[in-house]
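Worksheet for the structure shown next.
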Amino acid sequence: MPRLPLLGDTQEIADNGLAGIDHNFLTGKLEDLVKWSRARSCWPATFGLACCAIEMMAAGGAHYDLARYGMEVFRASPRQADLM
Numbered sequence: 103m104p105r106l107p108l109l110g111d112t113q114e115i116a117d118n119g120l121a122g123i124d125h126n127f128l129t130g131k132l133e134d135l136v137k138w139s140r141a142r143s144c145w146p147a148t149f150g151l152a153c154c155a156i157e158m159m160a161a162g163g164a165h166y167d168l169a170r171y172g173m174e175v176f177r178a179s180p181r182q183a184d185l186m
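Under my numbering, the residues of the sequence shown are numbered 103 to 186, in order.
Written out as structure tokens, the structure is:
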């Protein structure tokens, strides 16, 4: 009679989840992380019909400052945008 695969292998699966955790850390400079995130920042689409447009303009203003996240360039079409 064939043995069920999960009955004997559960301990091995549980050990594999934590056994290699010391090899799963990535080291680097914070400056490199900031450069990477700025290079892959969202480009929002200029899209607003009523109150959405007012909220979008407010988000681009000085109080919320979308430029901190690299999102200050509003794109004209959804093809050029990453975020709607």
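C-beta: ideal position from N, C-alpha, C; glycine also.
Please classify residue i as buried or exposed, where buried requires at least 16 other C-beta atoms within 10 Å of its C-beta.
| i | result |
| --- | --- |
| Pro-180 | exposed |
Report the CB separation of residue i from residue j in whole angstroms; it is logged as a contact under 8 angstroms.
| i | j | result |
| --- | --- | --- |
| Pro-146 | Ala-183 | 6 angstroms |
| Thr-148 | Ala-178 | 6 angstroms |
Can you name, in chain order, every residue of its own chain whose Cβ lies under 8 angstroms from the Cβ of residue i, other than the five neighbours on each side?
| i | result |
| --- | --- |
| Tyr-171 | Ser-143, Cys-144 |
| Ala-161 | Leu-168 |
| Tyr-166 | Ala-160 |
Pull up the distance between the alpha-carbon of residue i and that of residue j, whole angstroms please.
| i | j | result |
| --- | --- | --- |
| Phe-176 | Leu-132 | 27 angstroms |
| Val-136 | Met-173 | 14 angstroms |
| Ser-139 | Ala-152 | 31 angstroms |
| Cys-154 | Asp-134 | 34 angstroms |
| Glu-157 | Ala-141 | 25 angstroms |
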